[in-house]
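Working notes, beginning with the structure itself.
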Amino acid sequence: MKKESKTNILNWKNCISLSLIAYGLYIILWLIVGDEDLTVENGGSFMAEMLIDFVLCILFTFMSLLYSHLLFRFIPSEGRSYKRLVIYTCLLFLLNNLMAYGMTEAYNRLLESSFGEAFYMKNVYIYGMIATFISCIYSCAIYLESYIQANDEKSRLETALMKEKEIALQSQLQSLKAQIGPHFMFNNFSILSELIEENPTLAECFLSNLSKVYRYIIQNLERTVISVCEEIRFLDSYLYLIKMRYGESVVVHIEDSLRKEKKSIPPACLQLLVENAIKHNGHSPDAPLSIDILRIENHIVVRNLLSPLLSSIESTGLGQKNIRERYALLSHQEVIIQKTDRDYSVSLPILNNTH
Numbered sequence: 043m044k045k046e047s048k049t050n051i052l053n054w055k056n057c058i059s060l061s062l063i064a065y066g067l068y069i070i071l072w073l074i075v076g077d078e079d080l081t082v083e084n085g086g087s088f089m090a091e092m093l094i095d096f097v098l099c100i101l102f103t104f105m106s107l108l109y110s111h112l113l114f115r116f117i118p119s120e121g122r123s124y125k126r127l128v129i130y131t132c133l134l135f136l137l138n139n140l141m142a143y144g145m146t147e148a149y150n151r152l153l154e155s156s157f158g159e160a161f162y163m164k165n166v167y168i169y170g171m172i173a174t175f176i177s178c179i180y181s182c183a184i185y186l187e188s189y190i191q192a193n194d195e196k197s198r199l200e201t202a203l204m205k206e207k208e209i210a211l212q213s214q215l216q217s218l219k220a221q222i223g224p225h226f227m228f229n230n231f232s233i234l235s236e237l238i239e240e241n242p243t244l245a246e247c248f249l250s251n252l253s254k255v256y257r258y259i260i261q262n263l264e265r266t267v268i269s270v271c272e273e274i275r276f277l278d279s280y281l282y283l284i285k286m287r288y289g290e291s292v293v294v295h296i297e298d299s300l301r302k303e304k305k306s307i308p309p310a311c312l313q314l315l316v317e318n319a320i321k322h323n324g325h326s327p328d329a330p331l332s333i334d335i336l337r338i339e340n341h342i343v344v345r346n347l348l349s350p351l352l353s354s355i356e357s358t359g360l361g362q363k364n365i366r367e368r369y370a371l372l373s374h375q376e377v378i379i380q381k382t383d384r385d386y387s388v389s390l391p392i393l394n395n396t397h
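Quick note, the sequence shown lines up with residues 43 to 397 if you use my numbering.
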């Protein structure tokens with residue numbers, strides 16, 4: 043069952059309560075002014091006059107609430123709230139006065155009589171002004187309450203969405219860590235074991251870079267973004283390991299300006315793209331694989347010349363999918379992938395995030 047809105051303007055209990063308040067204000071005004079013309083001069087008893095006054099107060103109050111309901115429904119809510127309230131107040135005042143004028147004219151014409159100047163100028167219009175005043179205060183309070191509730195709900199949903207994004211992002215990072223860790227360590231420990239026997243000094247240098255790479259993976263994959271300059275330093279250590287493994291078969295050029303860039307990208311993105319390029323392209327000392335990492339406007343572009351393998355490895359697309367999904371959680375900017383007959387490139391947006 044749908045729960046009735048607490049902010050429903052057209053509520054009978056509230057209508058009666060506001061009518062009593064309007065009638066009370068009318069009586070107070072009548073007592074203060076002390077003008078007998080403020081009562082209906084129809085020759086009836088005092089109680090009949092009071093009853094007519096009360097019925098008119100109920101009528102004007104209900105119609106004011108009905109106008110308020112319709113006005114808030116059809117006045118555009120875009121833009122500043124105070125403009126909407128000013129437009130609403132002016133229209134409500136105009137509608138109540140038009141109703142007062144219509145009632146006066148209809149009553150005079152139907153009964154072929156005249157209420158006199160006092161009634162024509164005061165009574166019906168006074169009901170309209172009092173009803174306008176009370177309806178404005180009540181409806182504006184209802185509107186502001188709804189506005190605050192909507193903003194609170196919006197903030198709550200945004201907070202919940204941010205938490206969901208954070209959970210999804212951490213899940214992506216944990217998946218990436220599991221993907222990099224075993225495969226990466228197995229290959230490099232094999233190289234290290236060979237170096238220890240052949241060249242202990244080189245093995246020590248290799249181990250130092252290996253520890254830097256693995257420390258980066260352990261520490262920074264918990265972060266959503268990392269500065270470009272930190273990512274490049276990590277990539278330098280990773281490329282040292284690549285050089286030890288492939289020698290001159292893989293050549294990577296990094297634009298110098300990226301080494302000073304303080305803006306951010308998701309961690310390990312460049313390493314994943316370099317790894318994918320090496321995995322899916324042929325390379326040898328005679329025909330090395332060339333990979334360029336450069337900045338084009340507000341993107342880091344990782345580009346490599348295509349060199350198809352004799353026996354191609356089927357791509358799972360997990361690495362690029364991981365990068366795309368992480369960017370989707372962090373920004374509206376998209377990762378751009380382009381492939382031509384000659385080369386393959388991935389453009390990563392540089393983010394302003396600092397944490």
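Each residue gets a CB set at the ideal place from its N, CA and C atoms; glycine is no exception.
Environment of residue i [buried if 16+ CB atoms lie within 10 Å]
i      : result
Glu376 : exposed
Pro242 : exposed
Asn394 : exposed
Thr103 : buried
Leu93  : exposed
Ile190 : exposed
Thr201 : exposed
Ser197 : exposed
Gly170 : buried
Residue closest to residue i, alpha-carbon to alpha-carbon, out of the options
i      : options                        : result
Leu412 : Ile184, Val388, Cys311, Leu133 : In this structure the chain extends from 43 to 397, so residue 412 is not present and cannot be described.
Cys311 : Leu137, Ala202, Arg366         : Arg366
Ile379 : Leu60, Lys285, Gln362          : Gln362
Arg384 : Ser349, Leu371, Asn364         : Ser349
Leu237 : Val255, Arg275, Leu283, Thr266 : Leu283
Met141 : Phe175, Leu101, Gly289         : Leu101
Ser177 : Leu372, Ser106, Ile74, Glu246  : Ser106
Cys271 : Cys99, Lys305, Ile333, Ile129  : Lys305
Ser59  : Cys99, Pro330, Glu264, Leu371  : Cys99
Arg368 : Pro309, Ile342, Tyr189         : Pro309
Gln313 : Ser291, His322, Ser299, Val255 : Val255
Leu331 : Val292, Leu244, Leu62          : Val292
Val322 : Leu351, Arg337, Ile338         : The amino acid at residue 322 is misidentified as Val; the sequence shows His. Comparing Cα-Cα distances from His322 to each of Leu351, Arg337, Ile338, the minimum goes to Leu351.
Asp328 : Asn364, His341, Asp334, Tyr288 : Tyr288
Residues that DSSP places opposite residue i in a beta bridge
i      : result
Asp278 : Bridge partners of Asp278: none, in fact.
Ser332 : Val293
Tyr380 : Reading the sequence as shown, one finds Gln at residue 380 and not Tyr. Partner(s): Ser387.
Arg337 : Ile342
Ser250 : Its beta-bridge partners do not exist; DSSP assigns none.
Ile268 : Ile307
Leu393 : Ser306
Three-way DSSP call (helix, strand, coil) for residue i in this model
i      : result
Leu351 : coil
Ser232 : helix
Lys304 : coil
Val388 : strand
His374 : coil
Ser59  : helix
Asn188 : Going by the sequence as given, residue 188 is Ser instead of Asn. If DSSP states are grouped into helix, strand and coil, Ser188 belongs with the helices.
Gly66  : helix
His325 : coil
Asn262 : helix
Asn241 : coil
Whole-number beta carbon distance between residue j and residue i, since they are thought to touch under 8 Å
i      : j      : result
Leu390 : Ile307 : 6 Å
Phe248 : Met286 : 6 Å
Ile274 : Arg301 : 5 Å
Val344 : Leu372 : The Cβ separation is near 18 Å, so there is no contact.
Ile179 : Ala64  : The pair is not a contact, with the Cβ atoms about 11 Å apart (cut-off 8 Å).
beta-carbon residue i near the ligand FAD non-hydrogen atom, thresh 8 Å
i      : result
Tyr386 : With respect to the ligand FAD, the structure offers nothing, as it holds no ligand at all.
Beta carbon proximity, residue i to chain B, threshold 9 Å
i      : result
Pro330 : The structure shown has no chain B; it contains just one protein chain.
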